[in-house]
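*Asks:* Read in order, the letters of the sequence shown are residues -21 to -1, 1 to 248 in mature numbering (1 follows the signal peptide of the UniProt record, and there is no 0). Following this message is one structure expressed as structure tokens.
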Amino acid sequence: MSNSIKIKSFLFLFLSAVLLSGCKNKSKSGNSAADAKAHELKKILFVVTSHDEKGNTGEKTGYYLGEVSHPWDVLHSAGYEIDFVSPQGGKAPVDAFDMKDAINKKFWDNDLYRNKIENTKKPSEVNPDDYVAIHYAGGHGAMWDFADNSEIAAIAQQIYENNGVVSAVCHGPAGLVNIKLNDGSYLVDGKKVNSFTNEEEIRVNLENVVPFLLEDQLIERGAIFEKSEPFTDHVVADQRLVTGQNPQSAKSVGQATLNELQKISKDTK
């Protein structure tokens, strides 16, 4: 073999090795980027009701605006992007439309988030792996379409078992009563939980209108139910499950959810 051919063969092998090494390094770099992106994921899914009437009373209802806006304000200010899902998707009915509440007005005047909540995702359009937490907002409508929605329950189960946070406020915990984990146990079983109480339901004269009493149903599922005086701020966090008793607890639920997320972030670093 001539020296010229030997040199050409050597150069070919050398260049092939360099290209192969570059491809491997690129692949490793791509995986690292994907891992970093997954680690820094900062999206939270809010669940709102599609139901707009209190039983057969003729009274309108929906999601309670403050139970969306106050947690949103805490979490959005901390850098989290919020998406919205409802059992039926599309425009969600709103209750307690109080624009004297500065945080309600801040949320409602935000064009991006106003558009999101008026065009909620359907459960089939949600990828649970995109979210580090799920928050169930209350409003009496939730009592009619949260508990039996298996699609959203499955989304919440996956977020939770991906080491995420599940939170709910007021009637939002209606969405928790039928969530089961992979081991077959109920999510709330053995955990400290609260929600709109029997006493509060009686205070608003709807104890015989709602399809079930939320406090009773959570206790039946094994929850360790905690509560304060009616319409006072009460929030509990237990094993990445955050629950608040009533509308007065909405901001505190957002803060407790943020605390849980910060704990998880610290533990994974």
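Here a beta-carbon is modelled for each residue, glycine too, at the ideal position from N, C-alpha and C.
1) Can you tell which of Trp123, Ala235, Leu160 and Ala147 has its C-alpha closest to the C-alpha of Glu140?
2) Give me the Cα-Cα distance between residue 302 and Gly58, rounded to the nearest whole angstrom.
3) Only counting runs of 4 or more residues, tell me where the alpha helix (DSSP H) segments fall wholly within the stretch 59 to 101, in order along the chain.
4) For Leu240 versus Val144, is the C-beta spacing smaller than 8 Å?
5) Counting beta carbon pairs with one atom in the stretch 22 to 40 and one in the stretch 103 to 121, are three or more of them shorter than 8 Å?
6) Where Lys84 and Asn157 are concerned, what is the direct C-alpha to C-alpha distance, given to the nearest angstrom?
7) Between which residues of its own chain and Phe230 is the CB-CB distance below 6 Å, once the five residues before and five after are set aside?
8) So, helix, strand or coil for His114, using DSSP?
9) Work out the CA separation of Ala112 and Val53 for me, nearest whole Å.
10) Looking only at C-alpha atoms, which of Val188, Ala126 and Ile131 sits nearest to Thr36?
11) Going by Cα to Cα distance, which pick from Phe25, Leu91 and Val172 is closest to Ile198?
12) Take Glu178 and list the residues in its own chain whose beta-carbon comes closer than 6 Å to its own, dropping the five residues that flank it on each side.
13) So Val73 and Gly45 are in contact, right, with Cβ under 8 Å, and what is the actual spacing, rounded?
14) Can you tell which of Pro226, His150, Asp217 and Ile203 has the C-alpha that lies nearest to the C-alpha of Leu193?
15) For the beta strand (DSSP E) containing Asp217, list its first residue and its last residue.
16) Measure the C-alpha to C-alpha separation of Gly233 and Trp51 and round it to an integer number of angstroms.
17) Report the three-state DSSP secondary structure of Lys245 (helix, strand or coil).
18) Could you compute how far the alpha carbon of Lys39 sits from the alpha carbon of Lys245?
19) Can you list, in chain order, the stretches of the alpha helix (DSSP H) that have 4 or more residues and sit fully within the stretch 153 to 218?
20) Would DSSP call Thr222 helix, strand or coil?
21) Verify whether the separation of the beta carbon atoms of residue 274 and Lys22 is less than 8 Å.
22) With H, G and I counted as helix, E and B as strand and the rest as coil, what does DSSP make of Ser48?
23) Please say whether Thr236 and His114 have beta carbons closer to each other than 8 Å?
24) Ala133 lies in the beta strand (DSSP E); which residues open and close that run?
25) If you draw a straight line from the C-alpha of Gly68 to the C-alpha of Ala126, how long is it?
26) In terms of alpha-carbon separation, which member of Asp162, Pro152 and Gln196 lies closest to Val214?
27) Please classify Lys70: is it buried, with 16 or more other beta-carbons within 10 angstroms of its beta-carbon, or exposed?
28) Would you kindly work out how many angstroms separate the C-alpha atoms of Ile134 and Thr99, rounded to a whole number?
29) When the distance is taken between beta carbons, is Lys170 closer than 8 Å to Asp217?
*Replies:* Checking against the coordinates, here is how it stands:
1) In the sequence shown, counting from the first residue as 1, residue 140 sits at position 161. Minimum Cα distance to Glu140 is reached at Leu160.
2) Limits of the chain in this structure are -21 at one end and 248 at the other, which puts residue 302 out of reach.
3) 81 to 87 and 90 to 96
4) For the purposes of this step, residue 240 is identified with residue 261 of the sequence shown, where counting begins at 1. For the purposes of this step, residue 144 is identified with residue 165 of the sequence shown, where counting begins at 1. In contact: Leu240 and Val144 (Cβ atoms closer than 8 Å).
5) yes
6) What you label residue 84 is simply residue 105 of the sequence shown in a count that begins at 1. What you label residue 157 is simply residue 178 of the sequence shown in a count that begins at 1. So the alpha carbons of these two residues sit roughly 34 Å apart.
7) For this step, residue 230 is matched to residue 251 along the sequence shown. A small correction: the amino acid at residue 230 is Lys; Phe does not occupy that position in the sequence shown. Around Lys230: His49.
8) Counting from 1 along the sequence shown, the entry for residue 114 is found at position 135. In the structure shown, His114 sits in a strand (DSSP, three-state: E or B).
9) The count along the sequence shown starts at 1 and reaches residue 53 at position 74. The count along the sequence shown starts at 1 and reaches residue 112 at position 133. So the alpha carbons of these two residues sit roughly 14 Å apart.
10) On the sequence shown, position 57 is the one that residue 36 refers to. Ranking the options by Cα distance to Thr36, first place goes to Val188.
11) Position 219 of the sequence shown, counting from 1, holds the residue named residue 198. That would be Val172, whose Cα lies nearest to the Cα of Ile198.
12) As a first step, residue 178 is located in the sequence shown; it is residue number 199 there, counting from the start. Pro209.
13) Along the sequence shown, one-based indexing puts residue 73 at 94. Along the sequence shown, one-based indexing puts residue 45 at 66. Rounded, the Cβ-Cβ distance is 11 Å, inconsistent with contact.
14) For the purposes of this step, residue 193 is taken as the residue at position 214 of the sequence shown. Considering only alpha carbons, the answer is His150.
15) Numbered from its first residue, the sequence shown carries residue 217 at position 238. Asp217 -> beta strand (DSSP E) spans Val214 to Asp217.
16) Walking along the sequence shown from the start, residue 233 turns up at place 254. Walking along the sequence shown from the start, residue 51 turns up at place 72. C-alpha separation (whole angstroms): 7 Å.
17) For the purposes of this step, residue 245 is identified with residue 266 of the sequence shown, where counting begins at 1. Correct three-state label for Lys245: helix.
18) As a first step, residue 39 is located in the sequence shown; it is residue number 60 there, counting from the start. As a first step, residue 245 is located in the sequence shown; it is residue number 266 there, counting from the start. Between Lys39 and Lys245, the C-alpha separation is close to 43 Å.
19) 177 to 182 and 193 to 199
20) In the sequence shown, residue 222 corresponds to position 243, counting from 1. Thr222 falls in the strand class under three-state DSSP.
21) Lying before the first or after the last residue shown, residue 274 is absent from the chain, which here runs from -21 to 248.
22) Residue numbering aside, residue 48 sits at position 69 when the sequence shown is read from its first letter. Correct three-state label for Ser48: helix.
23) Sequence index remark: in the sequence shown, residue 114 carries index 135 (1-based). Sequence index remark: in the sequence shown, residue 236 carries index 257 (1-based). The answer is yes: Cβ separation under 8 Å.
24) Position 154 of the sequence shown, counted from the first residue, corresponds to residue 133. Not the beta strand (DSSP E): Ala133 falls in the alpha helix (DSSP H), residues Ser129 to Glu140.
25) As a first step, residue 68 must be located in the sequence shown, where it is residue number 89. As a first step, residue 126 must be located in the sequence shown, where it is residue number 147. Going from the Cα of Gly68 to the Cα of Ala126 covers about 16 Å.
26) Taking the sequence shown and counting its residues from 1, the one referred to as residue 214 is at position 235. It is Pro152 whose Cα lies nearest to the Cα of Val214.
27) As a working mapping, residue 70 is identified with position 91 in the sequence shown. Exposed.
28) Counted from its first residue, the sequence shown places residue 134 at position 155. Counted from its first residue, the sequence shown places residue 99 at position 120. When rounded, the distance between both Cα atoms is 15 Å.
29) Locating residue 217 in the sequence shown gives position 238, where the first residue counts as 1. Locating residue 170 in the sequence shown gives position 191, where the first residue counts as 1. In contact: Asp217 and Lys170 (Cβ atoms closer than 8 Å).
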